[in-house]
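Visitor:
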Amino acid sequence: MQMYFRIQGFPVSMHANSSWKNVADELNAVMGSLVEDSGVASTGFGPDVNIVEHKDKFEIVAELPGVKKEDLTLKMEKGELRLTAERKPWSVAENSRVVRKELRGSGTYVRSFRIPDEVESTEIGAQLSDGILRIELPKKRVAQPMEISVK
Numbered sequence: 449m450q451m452y453f454r455i456q457g458f459p460v461s462m463h464a465n466s467s468w469k470n471v472a473d474e475l476n477a478v479m480g481s482l483v484e485d486s487g488v489a490s491t492g493f494g495p496d497v498n499i500v501e502h503k504d505k506f507e508i509v510a511e512l513p514g515v516k517k518e519d520l521t522l523k524m525e526k527g528e529l530r531l532t533a534e535r536k537p538w539s540v541a542e543n544s545r546v547v548r549k550e551l552r553g554s555g556t557y558v559r560s561f562r563i564p565d566e567v568e569s570t571e572i573g574a575q576l577s578d579g580i581l582r583i584e585l586p587k588k589r590v591a592q593p594m595e596i597s598v599k
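Residue numbers for the sequence shown follow my numbering, so the first one is 449 and each next one is one higher.
(1) Between the C-alpha atoms of K587 and S539, what's the straight-line distance to the nearest angstrom?
(2) What residues in its chain sit with their C-beta under 6 Å from that of A533, if we drop five residues either side in the sequence?
(3) Secondary structure at S597, three-state DSSP: helix, strand or coil?
(4) Can you tell me which of the three DSSP states E550 falls into?
(5) Quick check: the Cα distance between L529 and P593, rounded to an integer number of angstroms?
(6) If you draw a straight line from the C-alpha of G553 to the C-alpha of A574, how long is it?
(7) Between which two residues does the beta strand (DSSP E) harbouring S560 extend?
(8) Looking at the structure shown, is W538 part of a helix, part of a strand, or coil, going by DSSP?
(9) If distances are taken between C-alpha atoms only, which option among G555, K526, L531 and E525 comes closest to P537?
(10) What are the start and end residues of the beta strand (DSSP E) that includes V500?
(11) For E566, does the three-state DSSP call read helix, strand or coil?
(12) According to the neighbour-count rule (16 or more other Cβ atoms, all chains shown, within 10 Å of its Cβ), is I583 buried or exposed?
(13) L531 to S597, Cα distance in whole Å?
(14) Hey, could you find the ends of the beta strand (DSSP E) E571 is sitting in?
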């Protein structure tokens with residue numbers, strides 16, 4: 449038997465044989481996604497972001513179509529990387545009218561990322577190309593074991 453109910457306005461369903469852990473997992477998924485999407489501006493400008501861990505670095509990739517390099521800032525402070533991007537509003541020439549509008553919204557987007565201690569913050573680099581921002585966060589080099597000769 450399937451049961452349906454609402455918690456704080458969010459629909460939740462569970463099978464009668466399901467455990468409460470499954471309900472908690474579902475709630476965490478819903479509530480977690482709300483927290484993670486907090487960077488979306490009220491105008492609807494909310495770029496997608498992927499974070500990838502490689503052997504020697506982390507990489508943050510953000511889709512920022514329509515954002516120019518001069519309208520983008522990255523700031524590292526107290527273990528947090530802050531990405532701020534502004535997409536200017538689209539305008540129509542005088543004596544013209546919009547017949548259909550499907551272009552993405554404009555506005556300012558701010559997103560912060562907590563940076564792990566293993567990142568070498570002085571070597572962080574970023575590149576914007578074709579509307580894709582790539583931020584490379586190199587990992588600190590770990591001292592490799594070495595043999596010391598005895599004389």
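Idealized CB from N, CA, C, for every residue including glycine.
Guide: Quick answer:
(1) By one-based count along the sequence shown, residue 587 stands at place 139. By one-based count along the sequence shown, residue 539 stands at place 91. It is roughly 43 Å from the alpha-carbon of K587 to the alpha-carbon of S539.
(2) Here residue 533 refers to the residue found at position 85 of the sequence shown. Excluding positions up to five away in sequence, the list reads L512, V515, L520 and Y557.
(3) Within the sequence shown, the letter at position 149 stands for residue 597. Taken through DSSP and simplified to helix, strand or coil, S597 comes out as coil.
(4) By one-based count along the sequence shown, residue 550 stands at place 102. Here E550 sits in coil by DSSP.
(5) For the purposes of this step, residue 529 is taken as residue 81 along the sequence shown, with counting starting at 1. For the purposes of this step, residue 593 is taken as residue 145 along the sequence shown, with counting starting at 1. Approximately 32 Å between the Cα atoms of the pair.
(6) The residue you call residue 553 lines up with position 105 of the sequence shown. The residue you call residue 574 lines up with position 126 of the sequence shown. Rounded to whole angstroms, G553 to A574 spans 24 Å at the Cα level.
(7) Start at 1 with the first residue of the sequence shown, and residue 560 comes out as number 112. First-last of the beta strand (DSSP E) with S560: G555 to R562.
(8) Walking along the sequence shown from the start, residue 538 turns up at place 90. In this structure, W538 counts as coil in the three-state DSSP scheme.
(9) Sequence index remark: in the sequence shown, residue 537 carries index 89 (1-based). Checking every option, the nearest Cα to that of P537 belongs to G555.
(10) Taking the first residue of the sequence shown as 1, we reach residue 500 at position 52. First-last of the beta strand (DSSP E) with V500: V497 to E501.
(11) Taking the first residue of the sequence shown as position 1, residue 566 is located at position 118. Reduced to three states, the DSSP call for E566 is coil.
(12) Along the sequence shown, read from residue 1 onward, the residue named residue 583 stands at position 135. Within a 10 Å sphere around the beta-carbon of I583 sit 16 or more other beta-carbons, which makes this residue buried.
(13) In the sequence shown, the residue the question calls residue 531 occupies position 83. In the sequence shown, the residue the question calls residue 597 occupies position 149. Whole-angstrom Cα-Cα distance: 49 Å.
(14) Residue numbering aside, residue 571 sits at position 123 when the sequence shown is read from its first letter. That residue, E571, is in no beta strand (DSSP E); it is neither H nor E in DSSP.
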